Each structure stands twice: as C-alpha cells, then as structure tokens.
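Only one structure is covered here, and it is reproduced in the block below.
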Amino acid sequence: MYSWDEDTTSWYGKSSYAYDPKSAKKRKAAATRAKASGPRTYDKKGGPNEKIIDPKKRIKSKSKNPLIIAVDVTGSMSTWPGEIFDRLPLLFNTLSQYREDLEICFVAIGDAKVDRWPLQVTTFASGFDLEQQLGSLYGEGGGGDAPESYGLFAHWVNTHVEIADTDEKPFLIVFGDIDMHEEEPHQFVTQILGDKSSKSVESIKAWNKVSDNWNTWFLRRPNGKIGDKVDKMWGKAIGEQKIFHIQDEQRAVDYAMGLIARAWGHFSDFQSNMLARQNQKKVDMVIKPIEMICPRCGGSIPVTAEGMFSCTYCGTTLKIS
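Counting in my numbering, the sequence shown runs from 1056 upward without gaps.
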C-alpha cells in the first residue's frame, strides 16, 4: 500500500521517484496526519458514510484544475474503489506536482433500478482530506448484468457541480465496463438527486453536455471487444476517441495518470517515475497506447514523418516527446 510520506523502499521498481521539492511541506503535513490517524484500510463495510456521499448536495471547486474520478461499483467492478484507495497518495502526489492546485472529487456509480446507493459522490478535496472522502464510498456490488446508471451521474455533473473558469477542459474519468440506460426516469432524479423534475434524463444527451465542459474519458475494463455495443453507446455519448481500453486492471490508476500527465505536458516525468514502481515491461504496457493518443483531443495520431504525428480527429500535427 502506498503512503503519504516519501518512503519508496517497498516499491517494486529500481529507479527513484523524483518528488517535487516545492511541495515537500504539503507532503510532510499529509504524512503527519496519516501517521496520527493510524493504518490505512479500506475494509469491506456494510454501507457508505451517507453524510458524506449524499448526491443531493451540490459541490463546488475554486481550483483551476478540478478532477472527477468515477468508478462503476457494480458486480465485478466493486473492488476498484479499493484499488484506487490503495494508490490514493500516489495519485495525488504525482498529479499535484504538475498542477499544485489539484482538487479531486470521487464518485461511485451503481444502478438506480436495483441498488440502495446507486450514486455516491464526495466533495472536491486535496491532500490527506481525500482519505476520508474516498473511504466513505461503498462498493455495493449490486446492479444488473447491464446496463447501469451512468446517465444519472452525467446529469448530476451537469446540475450539481460548479467549477471555476479554467484555461482548459478539466478531466473527468470514468472507470467502467458496460453501457448505460438510455433514459433515467424523472422519479430517480427526484428521489436520488433531490431535484424536482417531470422529465426523464436522456443519457446520451446528458453525456454530450458533460463532454462540452469536461475532458471526458471512459476507461474500460478488459472485457468485450473494441467496437461492440458498449463502445458504440459510449462513442455516441463522449466520442469514440475518448474510450480507452485498459490492458491491465492493476494498472488502471496508472493509465488515468498517464493520460492526464500527457495532456499537461509531463509525460516524460511520469514515465521516469513509473519505473520506480514497475519494471520496463509494465511501463511500456501503459505508455505505448497513450503515446498514440492526441493529448489535445484524444484522437489517434498515426505517424506521418520521423517523430511527427497527425491527429485524425482535430488535425493537430505535433512531435511526441
């Protein structure tokens, strides 16, 4: 399990992790609070902390770099909050070195038709405060075989989240493995989100709106086939180029961090630091598919000349470092 301090002796890689000295005080403060709170755990619980995860609340971030990470917690996906919790200090310490005002909101997505807690959301937070936020979520493990209430989450983002003006679209990343209900009944909007509504939510349109304001990605668990009905639905929702098929579930957080580091211009640093945790083979598995993605729009970028790539979606031509 990763910790909030700078001790990397338990890591698997042979390289050293280059911590940014400018954020040393913040890391030390987080490590002190972590030590005082006792061992980090994410044990199986009987439910979430409902005072913290209530989706009826409205949240706000003043950061120029807010980040939303949402995880499908139905069925086989229910263990993923624990995987993210394990890597929480690494996630924040890595990305906050690139953008020090980073704030993160965590979300757990279920199925409103069958689950007791179909949407669990935290507030935006940073540093050690993220421990309580993420630890409040519950991997219910319910849901049907398919689909799930991704559309309800999209509507929540559109109506319950307020962020400051940003220089670029902030990241919103969804870890999932299935398609969504075409509509979310207005009763769910009222019951779960606390909004008075007489209209159902059209999931695709809700996600279209999310994508207008957020750099939205669907990181898909290794299942199904590229271009299947799940991909097609998410392609209509956020754009087919924004669907990323994960090759290794254990590296899920690394894929997310790599996509963000690439867009923020710190991909080389991310690669170097990943070698402090993994061998070269694992690093290449994560890095190579990300290298073929346009950091500006997410489109594919086939080689056009030595070291030069051209995006098939936005037409951007750039040299990849």
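Ideal Cβ placement from N, Cα and C applies to all residues, glycine included. All values derive from a computational prediction rather than experimental measurement.
To the nearest angstrom, how far is it from the Cα of residue i to the Cα of residue j?
{"i": "Asn1148", "j": "Ser1253", "result": "44 Å"}
{"i": "Ser1376", "j": "Asp1141", "result": "Model confidence at Ser1376 stands at a pLDDT of 49, short of 50, so the residue's coordinates are unreliable; what they give is reported in the following sentence. Answer to the nearest angstrom: the Cα atoms are 30 Å apart."}
{"i": "Cys1349", "j": "Thr1371", "result": "8 Å"}
{"i": "Leu1248", "j": "Asn1263", "result": "20 Å"}
{"i": "Asp1156", "j": "Lys1280", "result": "38 Å"}
{"i": "Trp1172", "j": "Ser1365", "result": "44 Å"}
{"i": "Ile1114", "j": "Glu1217", "result": "6 Å"}
{"i": "Gln1305", "j": "Met1340", "result": "12 Å"}
{"i": "Cys1369", "j": "Cys1352", "result": "7 Å"}
{"i": "Pro1103", "j": "Gly1190", "result": "8 Å"}
{"i": "Val1338", "j": "Gln1246", "result": "44 Å"}
{"i": "Val1128", "j": "Lys1284", "result": "20 Å"}
{"i": "Gln1111", "j": "Ser1078", "result": "Checking the displayed sequence, the identity of residue 1111 turns out to be Lys instead of Gln. Cα to Cα, Lys1111 sits roughly 34 Å from Ser1078."}
{"i": "Asn1328", "j": "Asn1278", "result": "29 Å"}
{"i": "Ser1065", "j": "Thr1214", "result": "43 Å"}
Based on the DSSP output, what are the partners of residue i in its beta bridges?
{"i": "Met1288", "result": "According to DSSP, Met1288 bridges with nothing at all."}
{"i": "Arg1275", "result": "Gly1231 and His1300"}
{"i": "Leu1174", "result": "Ile1164"}
{"i": "Lys1115", "result": "Glu1217"}
{"i": "Thr1372", "result": "Ser1365"}
{"i": "Asn1270", "result": "Phe1226"}
Going by beta carbon distance, what residues of the same chain come within less than 6 Å of residue i, once the five residues before and after it are set aside?
{"i": "Asn1270", "result": "Lys1224 and Phe1226"}
{"i": "Cys1160", "result": "Ile1123, Thr1177 and Phe1179"}
{"i": "Glu1158", "result": "Ser1116, Ser1118, Pro1121, Phe1179 and Ser1181"}
{"i": "Asp1075", "result": "Gln1152"}
{"i": "Trp1289", "result": "Phe1273 and Ile1298"}
{"i": "Ala1085", "result": "Trp1059, Gly1182 and Phe1183"}
I'd like to know whether the C-beta atoms of residue i and residue j end up nearer to each other than 7 Å.
{"i": "Val1256", "j": "His1300", "result": "no"}
{"i": "Gly1354", "j": "Gln1302", "result": "no"}
{"i": "Tyr1057", "j": "His1321", "result": "no"}
{"i": "His1236", "j": "Gly1206", "result": "yes"}
{"i": "Phe1230", "j": "Ala1089", "result": "no"}
{"i": "Asp1286", "j": "Met1132", "result": "no"}
{"i": "Leu1192", "j": "Pro1144", "result": "no"}
{"i": "Gln1175", "j": "Ile1228", "result": "no"}
Looking only at its own chain, which residues have a Cβ that is under 7 Å from the Cβ of residue i, when we skip the five neighbours before and after it?
{"i": "Met1312", "result": "Leu1146, Thr1149, Leu1150 and Phe1325"}
Throw me the rounded Cβ distance for the residue i and residue j pair, which I believe falls under 8 Å.
{"i": "Ser1071", "j": "Ala1331", "result": "6 Å"}
{"i": "Glu1239", "j": "Ala1167", "result": "7 Å"}
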